[in-house]
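Start counting the sequence shown at 1; every next residue gets the next number (full-length UniProt numbering). Note that CB positions come from ideal geometry on N, CA and C, so glycine has one too.
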Amino acid sequence: MTTSFAPLTVAIGDLTAHPANVRSNSPETYDPENIAHLKASIAVLGLLQPLLVQKLDGKYAVLAGGRRHAALKELVADKAAKGFTAKTKVDCRLVPEDCDVTTALSLAENVTQAPMNAIDEFEAFARMMEVDGQTPETIAKTFGTTVAAVKGRLRYGLIHPDIRAAARAKVITLDTMKAFAEHPSQEVQREVHEALTKDGGYLQAYTVRQALKSRGVQVSDDIGAFVREDYEARGGAIAADLLEEHSVLEDAALVETILLEKLTAAAEEARMRLGFAWADAMVRYDYATMADYGRVYPGPIEPDETAQKRIDEITAELERLQLEMEDEGLEDDAYNALYERVDALEEEARDLQEAYSAEDLARAGVIASWQGGQITLHVGLVRPEDTVKAETTRSASGNATGEEAPDAGEITYPASLAEDLKTERAMALGAAMGFCRKFVAELSVGLHWT
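Listed below in structure tokens is the structure:
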């Protein structure tokens, strides 16, 4: 059997597909989108591997290297590609015409090349930038990919060497190694890795990400985006990442200080607007702690002339919106917009007909917390000590007026709980109404006034 093949150069226009090429029955392999990176590489670096060809019917049929051949044809057809025409010659190796193992040759080239180790690939990208002086943009052009994809590989190639070594040795998984890229500082990566592995045990990607959260806040995190402008104005340090959204606000204490200040300001603004006695803020709403708080709700009031005029206007607009919502041909987006408008008008009408009592305003307050990526206001809260005082006062007042205490067998609920249950029932009804447009349209106006 022939063990070596004569080198030669062949014009791209003289190349054709070989019927024995093992990929010939998979034409999608040669689709432009599947060879884009190969085309880009050849355009910049040239053809690095010669094609294996055999003379057939006056042409040189490509026995191995079909994807390279397809990329070369794409370059010839691409007017923007310089230096590639049908007459451009490329390096090949010639298989004798009497060779009887052509299929084996084609298969061997495809199956004997081991895929590149992922870590080797990441590190190679990093070396191109650090040693060869290339930029993510030039690397992307060379390999026919996006700058974002290149930066993603670079981030993994720039992970602390000790962590990459652990992944190579299979002490940690590739996913766990990648998790360390959540923080761009190699020193922080090393410290976290040492802290998590000092007692041995299996290290998971989730554990790494959680540990890195204590070392800063990513600028793409909802809190990071919310406080970044003030954070930078106060000189807070930022660990820059190749991908901007993964850059980290390193001073977690400063981030929390700024967030609490903003929450406190929002709570105070609401307190002044609504007339409550106090305002407070917490980064995360602690439901276990807040379970001891009471709550007050606005009660009905008689609207003045101005308020009544506005209520009448709202009523008329709600009736008009109801008619629009009954249109069966209404698109979902348009229907949802109408529904939101109805909801806003009903809330405005409620505010005109309800108010907190002076007694409730004197003891209740507002807490602002961060929930779902935004400031959430919890209004009408009564601190536990104030709840006890109010109940003691009511009890003393009842005894003084001679009112009978509730029967021992009678189930009674605090007024705040009763109001909460009423709210829950209303929310449940609203959720059910969401399944039936016609039902919603018929009740959207009338429900508020019953």
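Alpha-carbon spacing of residue i relative to residue j, whole angstroms
i, j, result
"R23", "G66", "8 Å"
"G224", "S214", "13 Å"
"M177", "A77", "42 Å"
"L107", "V10", "22 Å"
"T135", "K39", "19 Å"
"I159", "S247", "14 Å"
"V217", "A252", "7 Å"
"Q308", "R273", "21 Å"
"A233", "A181", "26 Å"
"A167", "R209", "16 Å"
"F143", "D175", "24 Å"
"T306", "L254", "47 Å"
"E130", "A148", "18 Å"
"A20", "T88", "25 Å"
"E328", "P300", "36 Å"
"G58", "T102", "18 Å"
"K141", "D132", "15 Å"
"G200", "A277", "53 Å"
"R320", "Y335", "14 Å"
"H69", "L105", "17 Å"
"K73", "T29", "14 Å"
"M128", "E137", "12 Å"
"S26", "I163", "40 Å"
"R169", "A195", "Residue 169 is actually Ala in this sequence, not Arg. Distance between the alpha carbons of A169 and A195: 19 Å."
"L260", "D292", "22 Å"
"V382", "E347", "23 Å"
"Y202", "A179", "14 Å"
"E187", "I139", "26 Å"
"L338", "Q189", "51 Å"
"residue 457", "A237", "A question about residue 457 goes unanswered here, because the residues of the chain that appear run from 1 up to 450."
"T197", "I172", "10 Å"
"K262", "M290", "21 Å"
"A265", "G235", "21 Å"
"I311", "E340", "18 Å"
"P406", "D286", "Annotation note: pLDDT 49 at P406 (below 50); position unreliable, no value reported."
"D332", "E123", "49 Å"
"V44", "G83", "11 Å"
Closer than 7 Å: residue i CB and nearest the ligand PLP heavy atom
i, result
"P184", "Questions concerning the ligand PLP fall outside what the structure shown contains, since it holds no ligand whatsoever."
Residue i (DSSP reduced to helix, strand or coil)
i, result
"G224", "helix"
"G157", "helix"
"Q374", "strand"
"P184", "coil"
"D333", "helix"
"Y60", "strand"
"V247", "Before going further, note that residue 247 is Ser rather than Val in the sequence given. Coil."
"Q210", "helix"
"G152", "helix"
"L45", "helix"
"T16", "strand"
"Q204", "coil"
"K178", "helix"
"G83", "coil"
"E354", "strand"
"I264", "Correcting the residue type first, residue 264 is Thr in the shown sequence and not Ile. Helix, per DSSP."
Under 8 Å between C-beta atoms of residue i and residue j
i, j, result
"A205", "G157", "no"
"P184", "A239", "yes"
"V227", "L212", "no"
"I314", "L345", "yes"
"A71", "I35", "yes"
"D360", "V296", "yes"
"T387", "G294", "yes"
8 Å contact criterion, which residue i and residue j should meet: CB distance rounded
i, j, result
"I42", "L75", "7 Å"
"D222", "G373", "4 Å"
"R155", "L249", "That pair is no contact at about 18 Å."
"V342", "L318", "6 Å"
"residue 488", "P298", "The chain is shown only over 1 to 450; residue 488 falls outside these bounds and no answer can be derived."
"residue 470", "E121", "Residue numbering for the chain in the displayed model covers 1 to 450; residue 470 lies beyond these limits and cannot be assessed."
"A64", "E109", "4 Å"
"D230", "I258", "5 Å"
"A219", "E245", "It is Val, not Ala, that sits at residue 219 in the sequence shown. Contact flag correct, Cβ pair sits at about 6 Å."
"Q353", "P384", "Not quite, the Cβ-Cβ distance comes to about 31 Å (not below 8 Å), so this is no contact."
"T145", "H37", "6 Å"
Within-8 Å CB hit, residue i to chain D
i, result
"I301", "The structure shown has no chain D; it contains just one protein chain."
Mind the definition here: the region 271-287 touches the region 359-372 only if three or more C-beta pairs lie below 8 Å; say whether that holds.
yes
When you compare the region 87-100 with the region 4-19, are there three or more beta-carbon pairs, one atom per stretch, that lie closer than 8 Å?
yes
Taking 8 Å as the threshold, find out whether the region 314-329 comes into contact with the region 267-279 through three or more Cβ pairs.
no
How do the region 46-64 and the region 146-153 stand: do at least 3 beta-carbon pairs fall below 8 Å, yes or no?
no
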